[in-house]
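Structure first, then comments.
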Amino acid sequence: MNTTLQHAQAAPLKKKGAFPLSLICLTIGAFAIGMTEFLVMGLLPNVAADLNVTISQAGQIITAYALGVAIGAPVLTMLTHSLPKKRLLILLMLIFILGNALSMIAPTYPLLVGARVLTALAHGTFLGVGSLIATYLVSPERRGSAVSIVLAGLTIANIIGVPIGTFIGQHFGWRASFGVITILGIFSLLGIMRFIPVIRGDKASSLAQEISSVLKPQVLLTLLFGLFGCASLFAMFTYISPVLQSISGFQENSVTWILVIFGIGVTIGNIIGGKLADWKQLPYLAINYAVLAIVLAALTVMLSNPILAVITIFLWGVAAFAILPGIQLRTMTLAGDAPMLTATANHSALNIGNALGAYTGGAAITLAGLHSLTWLAAGLATLGLIGVLLSFMLDRKVKLKAAQS
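What the sequence shown shows, in the working numbering, is residues 785 to 1189, in sequence order.
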């Protein structure tokens, strides 16, 4: 990573225990993005009924959003890689606001899908650039924690934003929820304009350097096991509302509070993951994926008991989101002096995983019913674990070769 930029931005950190206000502003932007990404899960039956489509078809709105992130983020990053990072953040938040405003008024299913794809263009690039800026704002040994603070916006959105948005959508219509997100986006834009600093020495690496960094074998492998981690999450979480209502027997209004509990687990997992990413990235990721697969397999049995279902869903949230800071930091570290496209590509890969999870989850429901989702999710987490183990072996091979030479 570019040490000149990193040291230039470490100066605002006056106290070792404090994070700069500008870092919190990035968290607020991530909160708005997290709310718009995850809100649809809790409102899936409402959206399906209003637009006269099936639950599986409504689930493809989530798939479309994920694909918009996956394809749009690297393309947008390459087109804008020479822009100063603060200016790029402002542009991305304007796109985010427009996309959510259009989602609010979209009269038909195809138009809603289009609006969601537009919104998705801001997602991956914002989180990639935001995570990168976060590492410039703190001392080197706190980079993992700084990234986790930014990504905490996504997790806090699950505790506060998604449940509140779900409540609003269930009582005032799902369009009202997108109206709230649009207003939140405006506030986020004002915060970015006011508090995010201009990065001193913000000179972009060449596009060739950026592409070369993404194509490193270890980077690609990290992107792959991150993809399977998110596929595991979305195969189950996309359809969490009908699963809880049909299998566990919860009423619709209870789903909101279960999402709050899941969100608390997600936030705890993100904090733990940030700390462990500053310690041992690959060992903790291997353990994390193994725990995730076990918890999802256990959920197969636990869903039939409402109390055990809620406890296991909480543990699932912890395990699912503890992997994210480590994956984000590892990709940026492996990228070296050209981390911009790699940081964004990470979110593209994660959202390809989101799309894969939502799509395969819908297919599993059609072929085998809602009960099949937990086994599908556990299998995808196991594939992620295999990827981490392969990466660990490659790392050891490189270190042994370096020691012998």
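Note that beta-carbon positions come from the ideal geometry of N, C-alpha and C, so glycine has one too.
Predicted model, so just to flag it, every value in this text is computed and none were measured.
Query	Result
Short Cβ contact (8 angstroms threshold) for L1108 with M1020	no
Distance between V853 and L938 (C-alpha atoms, nearest Å)	15 angstroms
A1186, buried or exposed, once every other Cβ within 10 Å from all chains shown has been counted against 16	exposed
Nearest to G963 (by Cα), restricted to the options T909, N830, N884, L1017	N884
Enclosing alpha helix (DSSP H) for G1108 [first to last residue]	The sequence shown places Leu at residue 1108, not Gly. 1090 to 1119 is the span of the alpha helix (DSSP H), which, as asked, contains L1108.
A1139: CB within 7 angstroms of a non-hydrogen atom of the ligand SAH	Among the components of this structure there are no ligands whatsoever, and the ligand SAH is therefore not found.
Cβ neighbour criterion (16 or more within 10 Å) applied to M1177	exposed
Cβ-based neighbour list, L1005, same chain, cut-off 8 angstroms, excluding 5 preceding and 5 following	G1171, L1174, S1175, L1178
DSSP three-state assignment for P891, whether helix, strand or coil	coil
Proximity of G1168 and G1013 at Cβ, strictly below 8 angstroms	yes
C-beta contact flag for N1138 and G908 at 8 angstroms	no
Chain C contact for M1124 (CB, 8 angstroms cutoff)	Given the protein chain composition of this structure (a single chain), no chain C is represented.
For T1166 and A1077, believed in contact at Cβ under 8 angstroms, the rounded distance	5 angstroms
Reduced DSSP secondary structure (H/G/I, E/B, other) of G883	helix
Nearest neighbour of L1066, chosen from F1009, T1084, I1052 [CA to CA]	F1009
Touching by the beta-carbon criterion (3+ pairs, under 8 angstroms), the stretch 872 to 886 and the stretch 967 to 980	yes
Simplified DSSP state of G1049, which is helix, strand or coil	helix
Three-state secondary structure (DSSP) of V1172	helix
Proximity winner among L1140, T1150, L1184, relative to G1163 (alpha-carbon distances)	L1140
Boundaries (first-last residue) of the alpha helix (DSSP H) holding H865	It is not in any alpha helix (DSSP H) - H865 carries neither H nor E in the DSSP assignment.
V946 versus V1182 - alpha carbon distance	44 angstroms
A1133 versus L1157: straight-line alpha-carbon distance, rounded	21 angstroms
Per-residue burial, W1100 [other beta carbons within 10 Å of its own, 16 or more giving buried]	buried
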